[in-house]
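In my numbering, the protein residues as written are 22 to 201. Glycine included, each C-beta is placed from N, C-alpha and C at the ideal position. Contents: one structure, followed by commentary.
Below you can see the structure in the form of C-alpha cells.
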C-alpha cells in the first residue's frame, strides 16, 4: 500500500512538473506520453516514450526518473537504480522519494552499504515527521540488523522509538534487539 501511495505521489509530481495534470489521448511531449503509459501500467511503452524524450534532449532528468519507475514496477532493480542515478545526474530534484527508491534498489541487489547511504541521504531530504522519513529511518535499522551491526541497530532503534513511540512494531523490534 505504501509503495503504491509513494508511486502515485511521484507520478502526480511528475505530471504536475511536466504540465500533464489531465491525461489526454494526444500528448505534446514524449514525457507526457510516458507518464500516461506509466499510469496505465504499460511499462515497455513508457520506457520507449521516455527514451524518445531523452533522444530529443527534452526533460532528460524527468525521463530518466520515469524509466526508473517503470523498471522498478517490473522489479528490475539494477536498471531502475541506473535510471534513477541518471535522473540525478541530469538535474532532477533530490527528494526523499527518489533516494528511497535508490536505497531499496540497492537493498534488493544486496548492496547494504549503498542502501544505507541512500536511506541516510533520503532522510536528510525529508521533513521531520513525514511518513516517508519514518519509513526510511526504520529501514536503516533493518539494514544494520541485516549487516549484523547490532550496536548501530540498537542505537538507531532507541532514537527511533523516542521519536515514534506509537510504533508497536518498533517496540517489539526493540525488545528483540535488547537480547542481542
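- Separation of residue 132 and residue 159 (C-alpha to C-alpha, rounded to the nearest whole angstrom) is 17 Å.
- In the DSSP assignment, residue 118 falls within the unbroken alpha helix (DSSP H) covering 117–129.
- Contact check for residue 52 against residue 84 passes: the beta carbons are separated by less than 9 Å.
- Assigned with DSSP and collapsed to three states, residue 185 falls in coil, not helix or strand.
- For residue 128, the CB contacts under 6 Å within the same chain, skipping 5 residues up- and downstream, are 136 in chain order.
- CA-to-CA, the gap between residue 172 and residue 130 works out to about 24 Å.
- DSSP, reduced to helix, strand and coil, places residue 48 outside both helices and strands of the structure shown, so it counts as coil.
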